[in-house]
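Visitor: For reference, the structure I am asking about is given below.
There are 2 protein chains.
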Amino acid sequence: MLLCDIGNTSYHFYDTTAQRDYKETASGFEPKSVREQVFYINVNPAVGSRLEGLENWIDLRGYVAWERYYETMGIDRIAACEALTEGVVVDAGSAITVDFVRAGRFEGGFIHLGLSALRHAYRGISPKLDSSFNFDMQLDKMPKNTTDAITYGALGLLADKVHSFGLPVYLTGGDASTLKPLFQTARVEPLLLFAGMQKIIQKAKLC
Amino acid sequence: MLLCDIGNTSYHFYDTTAQRDYKETASGFEPKSVREQVFYINVNPAVGSRLEGLENWIDLRGYVAWERYYETMGIDRIAACEALTEGVVVDAGSAITVDFVRAGRFEGGFIHLGLSALRHAYRGISPKLDSSFNFDMQLDKMPKNTTDAITYGALGLLADKVHSFGLPVYLTGGDASTLKPLFQTARVEPLLLFAGMQKIIQKAKLC
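Residue numbers (the working numbering), protein chains in the order written: chain S, 1 to 207; chain H, 1 to 207.
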């Protein structure tokens with residue numbers, strides 16, 4: 001079975017038989033070049049038209065138990081939530097989405113800026129704020145240097161909040177490994193959304 | 001006495017005699033057009049050269065007790081800290097700086113993106129994230145709609161952290177009034193930095 005998670009920057013494929021994942025750029029890739037059946041989720045409005053009329057591309061949006069989520073919630077966040085019964089998902093892509101699941105129920109979540117957007121935004125304010133982040137900073141004390149002050153404002157508040165619930169933390173998305181040092185107790189799960197997509201497929205008896 | 005706080009977007013003047021404050025744009029204003037003595041702080045590298053050689057413009061940077069702060073700390077943050085003996089300063093300009101003072105000592109702080117940079121950055125990720133913020137949102141529950149999910153990621157984490165210390169909160173800077181609903185216990189103090197500048201002037205016996 002071939003799964004695809006389409007985000008703002010890439011098509012992320014997972015071949016469940018070969019247990020292999022790979023990426024194609026969102027701007028360049030032609031979905032009609034794929035001949036086999038693909039179960040997909042898509043949050044990128046720019047690629048929607050390319051998928052129209054392709055019968056082998058099956059949108060999982062129609063098979064979600066929407067009453068458990070909310071109407072405008074990103075399908076990628078839903079797939080991540082479907083993958084767990086208890087915990088916090090931190091999906092670090094162009095945005096960092098954070099979602100809470102307790103006893104198999106979605107309990108809300110939020111949307112934070114992604115790493116690249118944060119870097120770009122600090123740089124845009126002033127050259128004095130064009131600093132790299134210190135992913136190894138200590139979060140238990142208020143910073144007394146510029147790099148840590150920026151890192152704390154950009155990512156420390158986020159990591160702090162995620163930890164404060166005492167739930168298992170699952171870190172996924174393209175920037176998961178980079179962020180890992182700030183999320184010390186987190187498990188990095190690069191294929192988490194595909195696990196959620198497989199659950200949606202099973203529940204809907206599509207396969 | 002005329003005071004001036006020069007930021008990334010404006011010259012903010014305060015006339016202590018008339019008790020009147022006013023702003024000039026950072027890009028257009030010519031400091032040499034002011035004839036009287038001005039005590040100033042400046043965090044905008046782009047205007048530094050315009051101030052050179054102007055003898056009536058007195059930079060307060062040289063009169064700060066730097067050993068209480070750190071070398072690359074913005075002089076605006078220092079001026080804000082000088083204004084209080086206990087509390088958290090949230091200075092909401094192009095960046096939002098947050099600084100902690102206990103028993104008259106600076107105890108660290110951090111640098112968050114400002115409101116305009118946040119709006120611009122969410123919009124840049126995806127048109128789906130081009131949402132206005134809900135400044136009246138409740139911070140005690142995880143959001144279940146897109147506007148609140150974005151507001152919480154952008155500003156809720158920040159407001160939550162600031163409140164968590166149980167210290168008095170002083171909200172200043174151009175976006176202070178806009179942010180006020182999210183910082184319920186905060187006092188809006190538009191002239192806080194000028195109070196700090198006056199303390200620096202008094203300690204250094206400049207006036």
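Cβ atoms here follow ideal geometry from the backbone N, Cα and C, with glycine treated the same way. It should be emphasised that the depicted structure is a prediction, and the values quoted were computed from it without experimental measurement.
Give a yes or no on whether the C-beta atoms belonging to Y11 of chain H and V43 of chain H are separated by under 9 angstroms.
Guide: no
Visitor: Short check: CB of Q37 of chain H to CB of L2 of chain H, under 9 angstroms?
Guide: In contact: Q37 of chain H and L2 of chain H (Cβ atoms closer than 9 angstroms).
Visitor: Should Q138 of chain H be labelled buried (16 or more other beta-carbon atoms within 10 Å of its own) or exposed?
Guide: exposed
Visitor: Which ranges would you report for the alpha helix (DSSP H) in the segment 26-104 of chain S if only whole runs of at least 4 residues count?
Guide: Considered as a whole, the segment 26-104 of chain S harbours 48-51 and 75-82 as its complete alpha helix (DSSP H) runs of no fewer than 4 residues, in chain order.
Visitor: With D175 of chain S as the anchor, note down where its alpha helix (DSSP H) starts and where it stops.
Guide: Unbroken run through D175 of chain S: none, as it is neither H nor E.
Visitor: Where does D5 of chain H sit, in a helix, a strand or coil, going by DSSP?
Guide: strand
Visitor: From this set, H:A80, H:A26 and H:G87, which residue's C-alpha is nearest M197 of chain H's C-alpha?
Guide: If we check each option's Cα against that of M197 of chain H, H:A80 comes out closest.
Visitor: Taking all protein chains shown into account, do 16 or more other C-beta atoms lie within 10 angstroms of the C-beta of S131 of chain H, making it buried, or fewer, making it exposed?
Guide: buried
Visitor: Here's the rule: buried if 16 or more other CB atoms are within 10 angstroms of the residue's CB, otherwise exposed. What is P181 of chain H?
Guide: exposed
Visitor: Apply the 10 Å Cβ neighbour rule to A65 of chain H and answer buried if 16 or more other Cβ atoms are within range, or exposed otherwise.
Guide: Exposed: under 16 other Cβ atoms inside 10 Å.
Visitor: Within the continuous alpha helix (DSSP H) that includes S131 of chain S, where are the two ends?
Guide: Counting along the chain, S131 of chain S sits inside no alpha helix (DSSP H), nor does DSSP assign it H or E at all.
Visitor: Quick one: is A95 of chain H buried, meaning 16 or more other Cβ sit within 10 Å of its Cβ, or exposed?
Guide: buried
Visitor: Taking H112 of chain H and V98 of chain H to be in contact with their CB atoms under 8 angstroms, please state how far apart those CB atoms are, rounded to whole angstroms.
Guide: 6 angstroms
Visitor: At the level of alpha carbons, what is the spacing between D91 of chain S and F29 of chain H?
Guide: 45 angstroms
Visitor: Taking the C-alpha atoms as reference points, what is the distance between P190 of chain H and L179 of chain H?
Guide: 13 angstroms
Visitor: What's the C-alpha gap between Q19 of chain S and F194 of chain S?
Guide: One Cα belongs to Q19 of chain S, the other to F194 of chain S, and the distance between them is close to 11 angstroms.
Visitor: Quick one: residues in its chain with C-beta nearer than 7 angstroms to the C-beta of G109 of chain H, no 5 flanking neighbours on either side, listed in chain order?
Guide: R77, T97, V98, D99 and F100
Visitor: Which residues in the same chain have their Cβ closer than 6 angstroms to the Cβ of Y152 of chain H, if we skip the five residues on either side of it in sequence?
Guide: P143
Visitor: Helix, strand or coil for G114 of chain S, going by three-state DSSP, please let me know.
Guide: coil
Visitor: Where does K161 of chain S land, buried or exposed, given buried means 16+ other C-beta within 10 angstroms?
Guide: buried
Visitor: State yes or no: is the C-beta of V188 of chain S within less than 9 angstroms of the C-beta of L167 of chain S?
Guide: no
Visitor: Taking 9 angstroms as the threshold (beta carbon to beta carbon), is D59 of chain S in contact with chain H?
Guide: no
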